[in-house]
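> According to the working numbering, the sequence shown is numbered sequentially starting from 774. C-beta: ideal position from N, C-alpha, C; glycine also. Take this structure first; my questions come after.
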Amino acid sequence: MTRDEVLRAFEEIRVWQRGDQRAVHKPLLILYALGRLLNNKAPMVNWNEADPRLKELLEEFGPAGSSASRHNPFWHLQTDQLWRLDGPAEILTRPPGATPTLTELRQGNVSGGFPETLRYTLIRDPRLIGAIARQIVDSHFPDTIRSDVLAATGFPDDISETPLGSSSRIRRRDPAFRERVLIAYQYRCGVCGHDLRLGRQTIGLEAAHIRWFQANGPDVVENGIALCSMHHKVFDLGVFTVLPETYQIVFSQHLNGDSETTGRMLAHQGAGLILPQSREYFPQSDYLDWHRSQVFKKPART
Ligand SMILES: [Zn+2]
């Protein structure tokens, strides 16, 4: 396969979004497999080795409950011509829709990996591996957690910054979004009120998308909240969410850590979001609902 053919093959399965649902199974499996290739691991990975890693990745970066179907892409990626399986004929000969169960993959010792021609092209060109990984992570995860996703799948910090050839389908961000959100929230974090400045320059204050930009969230103030870097990051990781209508902040039961830091974070449990200066800027329920179902790590603390 040529470099261009490889790029096109990955571009063609870029449209993974299914309605409101965040579909991160295939992207995470591909990142995991690319990371293995980059780190010179065996080209085919046994399901029993991949299973615990994919479970962790989905628990950390996927919507709540998504790890239960972690075996699906291991099977379905075959139909995108980017994956092949080894294992008992009894499983491999099934029609594409007849997904084997977790137990069948385990007991059948099924292995998966990139097809040979694709693999050879990738191994010869580590920069290409980096560029594909970057494209995948940029189209599925917000900036706040992209380096965590890359690190968790085995990529170094200095992953290739080379942009890919055709990027006509990449949606452009509205550069005015940040400013509009910060004005609406009067330049302070909606959770903790952080408003540190150096002269007139804000420090560590960001405009967060409620429904991620990567999940077709629009660049409008009603889809934004001004947050300090820490609250932005944990919001994107699903550590807390904001309830529609009451704008109450609720934290995940999965949050844990040293008593002092956790205590500082949990001090905001049940408190109201520091609201924008005008009603027209208030977060819209549709976006908050999306965040709660697709990002927040259920269950909520009471
Ligand atoms: Zn804050």
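(1) Let me know the alpha helix (DSSP H) ranges lying completely inside the segment 786 to 841, each 4 residues or longer, listed in chain order.
(2) Which residue wins for smallest C-alpha separation from residue 965, given the options 947, 1002, 780, 987?
(3) Which residues does DSSP list as the beta-bridge partners of residue 1024?
(4) Between the C-alpha atoms of residue 779 and residue 1009, what's the straight-line distance to the nearest angstrom?
(5) With three or more C-beta pairs closer than 8 Å as the rule, is the segment 806 to 823 touching the segment 874 to 894?
(6) Can you tell me whether residue 997 is helix, strand or coil according to DSSP?
(7) So what does DSSP say about residue 859, is it helix, strand or coil?
(8) Tell me which residues share the same chain as residue 1041 and place their Cβ nearer than 8 Å to its Cβ, disregarding the 5 neighbours each side in the sequence.
(9) I need the residues with a C-beta less than 5 Å from some heavy atom of ligand 1; please give them in chain order.
(10) Taking the alpha helix (DSSP H) that residue 849 belongs to, which residues open and close that run?
(11) Any idea what DSSP makes of residue 979, helix, strand or coil?
(12) Do you know offhand how far residue 1018's Cα is from residue 874's?
Put simply:
(1) Listed in chain order, they are 798 to 811, 820 to 834.
(2) Here the question's residue 965 lines up with position 192 in the sequence shown. Out of 947, 1002, 780, 987, 1002 has the C-alpha closest to the C-alpha of residue 965.
(3) For this step, residue 1024 is matched to residue 251 along the sequence shown. Looking at the DSSP assignment, residue 1024 forms a beta bridge with 1013.
(4) Here residue 779 refers to the residue found at position 6 when the sequence shown is read from its first residue. Here residue 1009 refers to the residue found at position 236 when the sequence shown is read from its first residue. Going by the C-alpha atoms only, they are around 31 Å apart.
(5) yes
(6) Here the question's residue 997 lines up with position 224 in the sequence shown. DSSP places residue 997 in strand when its eight states are reduced to three.
(7) To locate residue 859, count along the sequence shown from 1; it is residue 86. Of the three classes helix, strand and coil, the one that applies to residue 859 here is strand, per DSSP.
(8) Walking along the sequence shown from the start, residue 1041 turns up at place 268. Around residue 1041: 964, 965, 1013, 1022, 1024.
(9) That query returns the following residues: 962, 964, 965, 967, 1001, 1004.
(10) Counting from 1 along the sequence shown, the entry for residue 849 is found at position 76. Start and end: 845 to 849.
(11) Counting from 1 along the sequence shown, the entry for residue 979 is found at position 206. Note: residue 979 maps to strand in three-state DSSP.
(12) For this step, residue 1018 is matched to residue 245 along the sequence shown. For this step, residue 874 is matched to residue 101 along the sequence shown. Taking the straight line joining both Cα atoms gives about 41 Å.
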